[in-house]
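Reading through the structure tokens given below for one structure.
In the numbering used here, the protein residues as written are 1220 to 1488.
Rendered as structure tokens:
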């Protein structure tokens, strides 16, 4: 990443599970080899995740853990600062249940309503960083203009955000998201990388094209779609309740799509 930290390109995002399910699936993901985890506050399962990390006995320094804060409804610098600070403190309280004393990355789930609010959010994150509770700062669902609220703020001392998590997939990739972020020193992490929500619809035609390309490499349609993300310069966070799918989503680094195949896939959205 732009701050020199090592960031595994594949992450398990615990987005739709209760604490008990998050506990079980985190252990499954760890067993399959995942070491990058996105534990969003929106899912309300950070305690279950943290307990699984504790019980796995895997050394903390082998894991990359990202938490998140939702403070986008706070308007104005001071209000956004206060709400964001409350948010990251709640993250630390939840993670502490499993003995996690810091996060590798903290993410703003959504931007505030204007530049002043965004700068208040970011100032709170900078304070969290200075206090040693996080190693990197990131954002989610930020447009280029919203990113520039941080980058062009002369008072901000930690910039750019290392990651911008966006809906991004073979089925949905408007504009030049990866390039716009890359030129600002920011890595795009795709959420909904296999469609759904804002990630676009993976209809039978799209799946069929991915699967046809995959035959050549003995890969599934999903592996081809995820490989496309990595080759465009992005990373992704994915989720599953199926152990085979966990393993499959990691197994995308032993083949490379040709330029023609990449062009075909890019044209599917």
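C-beta: ideal position from N, C-alpha, C; glycine also.
Values in this document were obtained by computation on a predicted structure and should not be read as measured data.
With the cut-off set at 7 Å, would you say residue i and residue j are in Cβ contact?
i: residue 1341; j: residue 1375; result: yes
i: residue 1347; j: residue 1285; result: no
i: residue 1380; j: residue 1357; result: yes
i: residue 1363; j: residue 1312; result: no
i: residue 1414; j: residue 1420; result: yes
i: residue 1493; j: residue 1343; result: Any question about residue 1493 goes unanswered here, given that the chain covers just 1220 to 1488.
i: residue 1445; j: residue 1393; result: no
i: residue 1283; j: residue 1310; result: no
i: residue 1224; j: residue 1355; result: yes
i: residue 1321; j: residue 1352; result: yes
i: residue 1258; j: residue 1231; result: no
i: residue 1244; j: residue 1389; result: no
i: residue 1290; j: residue 1302; result: yes
Roughly how far, in whole angstroms, is the beta-carbon of residue i from the beta-carbon of residue j, given that I think they are within contact range, below 8 Å?
i: residue 1438; j: residue 1251; result: That belief does not hold up - the Cβ atoms of residue 1438 and residue 1251 are roughly 17 Å apart, past 8 Å.
i: residue 1443; j: residue 1432; result: 5 Å
i: residue 1366; j: residue 1425; result: Contact flag wrong, Cβ pair sits at about 29 Å.
i: residue 1229; j: residue 1455; result: 7 Å
i: residue 1480; j: residue 1441; result: About 15 Å; that fails the 8 Å criterion.
i: residue 1482; j: residue 1234; result: Their Cβ separation, rounded to whole angstroms, is 31 Å, which puts residue 1482 and residue 1234 out of contact at 8 Å.
i: residue 1377; j: residue 1345; result: 5 Å
Who does residue i pair with in a DSSP beta bridge?
i: residue 1257; result: 1232 and 1285
i: residue 1361; result: Note: residue 1361 sits in no beta bridge, so no partner.
i: residue 1457; result: 1231
i: residue 1384; result: 1359 and 1408
i: residue 1325; result: 1286 and 1356
Quick test of the definition: if touching needs 3 or more C-beta pairs under 8 Å, does the segment 1329–1345 touch the segment 1285–1295? yes
Three or more C-beta pairs closer than 8 Å, one from the segment 1227–1242 and one from the segment 1253–1263: is that the case here? yes
Can you confirm whether the segment 1403–1411 touches the segment 1369–1384 when touching is taken to mean that 3 or more C-beta pairs between the two stretches lie within less than 8 Å? yes
Three or more C-beta pairs closer than 8 Å, one from the segment 1267–1286 and one from the segment 1302–1321: is that the case here? yes
Let me know the alpha helix (DSSP H) ranges lying completely inside the segment 1386–1440, each 4 residues or longer, listed in chain order. 1396–1401 and 1423–1434
If contact is defined by three or more beta carbon pairs under 8 Å, each pair taking one atom from either stretch, is the segment 1469–1480 in contact with the segment 1434–1448? yes
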